[in-house]
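Residues are numbered in this note's numbering as their position in the sequence shown, beginning at 1, plus a constant of 1308.
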Amino acid sequence: MKVREVLGRGDYALISELIPAGAKVLDLGCGDGALLAWLKENKQVEARGIERKRELVQQAIGRGVTVYQGDLLEAAKDFPDHAFDYVILSQTLQETLEPLRALREMLRVGRHAIVAFPNFGHWRVRLAHLVTGRAPKTPLFPYDWFESPNIHFLTIIDFEELIARERWVLEKQMYLAGHQRLTALPNLLAEVAVYLVRRP
């Protein structure tokens, strides 16, 4: 099934499906605030964001979104338990120094966590590594190893094993290959995964 895009991204479209109108939303590593601004306009959410790069914070504020500058884990500490209905971490988990701590903090401040990440188990990544014998470089991961923002190379299987280990409740999972939603062989075929989880 083809997925429509939101702001040019399929993962944003899937994330937007998961968030009901009027929800309180926190986006960790929100970038320029484009997704939050879209959710605010189209779903009337109460939107907040955390971003470490000053120039992106300024762009987000220019979009009319409340964004705090700082490290996502340190800034999230200031929020009480269950301050938000949904906490988003989109395409950021693999760049965080302490991903498990980030996920636990998401599930402390939010009733639900939405996590989207690139799947490093995708067949193109596997093939690039096998054929070249070098750090994988594909259209989805175009960086040289010394320039890559990615410091954790997780797969769909890895993330689902973590959910089971932590005994979190998996509410929904969705997978994308290009603009197509997948149901079969996601760890091999999906480029991006989107999960909705909560504490028991």
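Every residue, glycine too, gets a C-beta built ideally from N, C-alpha and C.
Predicted model only: the values in this text are computed from it and were never measured.
**Request:** Look at Leu1504 and Ala1498 and say whether their C-beta atoms are less than 7 Å apart.
**Result:** Numbered from 1 along the sequence shown, position 196 holds the residue referred to as residue 1504. Numbered from 1 along the sequence shown, position 190 holds the residue referred to as residue 1498. Not in contact: Leu1504 and Ala1498 (Cβ atoms no closer than 7 Å).
**Prompt:** For Phe1467, does the three-state DSSP call read helix, strand or coil?
**Reply:** Counting from 1 along the sequence shown, the entry for residue 1467 is found at position 159. Here Phe1467 sits in helix by DSSP.
**Asked** Expressed to the nearest angstrom, what Euclidean distance is found between the alpha-carbon atoms of Pro1450 and Leu1315?
**Response** Here residue 1450 refers to the residue found at position 142 of the sequence shown. Here residue 1315 refers to the residue found at position 7 of the sequence shown. Roughly 21 Å separates the two Cα atoms.
**Item:** Beta-carbon proximity of Gly1357 to Asp1335, cut-off 7 Å
**Value:** Your numbering for residue 1357 matches position 49 in the sequence shown. Your numbering for residue 1335 matches position 27 in the sequence shown. It is a contact, given that the beta carbons lie within the stated cut-off.
**Asked** Considering Arg1409, what are the terminal residues of the alpha helix (DSSP H) in which it resides?
**Response** The residue given as residue 1409 occupies position 101 in the sequence shown. From DSSP, the alpha helix (DSSP H) with Arg1409 extends over 1407 to 1417.
**Contact set for His1436: own chain, Cβ-Cβ below 7 Å, skip 5 residues either direction** = The residue you call residue 1436 lines up with position 128 of the sequence shown. It should be noted that the sequence gives Ala, not His, for residue 1436. Result list for Ala1436: Pro1444, Lys1445, Thr1446, in chain order.
**Message:** In whole angstroms, give me the CA-to-CA distance for Leu1397 and Val1365.
**Reply:** As a first step, residue 1397 is located in the sequence shown; it is residue number 89 there, counting from the start. As a first step, residue 1365 is located in the sequence shown; it is residue number 57 there, counting from the start. So the two alpha carbons sit approximately 16 Å from each other.
**Message:** Are the CB atoms of Ala1384 and Val1375 within a distance shorter than 7 Å?
**Reply:** Looking up residue 1375 in the sequence shown gives position 67. Looking up residue 1384 in the sequence shown gives position 76. No.
**Message:** I'd like to check one pair, Val1373 with Val1353: are the Cβ atoms closer than 7 Å?
**Reply:** Residue 1353 sits at position 45 when you count from the first residue of the sequence shown. Residue 1373 sits at position 65 when you count from the first residue of the sequence shown. The answer is no: Cβ separation not under 7 Å.
**Message:** Cutting at 8 Å between CB atoms, please list the residues of its own chain near Lys1351, excluding the five before and the five after it.
**Reply:** By one-based count along the sequence shown, residue 1351 stands at place 43. Ser1324, Ile1327, Pro1328, Ala1329, Gly1330, Ala1331, listed in sequence order.
**Request:** Could you check how far apart the C-beta atoms of Ile1464 and Pro1426 are, in whole angstroms? I think they sit under 8 Å.
**Result:** If you number the sequence shown from 1, residue 1464 lands on position 156. If you number the sequence shown from 1, residue 1426 lands on position 118. Rounded, the Cβ-Cβ distance is 10 Å, inconsistent with contact.
**Item:** Option in Leu1484, Arg1506, Gly1418 with minimal Cα separation from Asp1319
**Value:** The residue given as residue 1319 occupies position 11 in the sequence shown. It is Leu1484.
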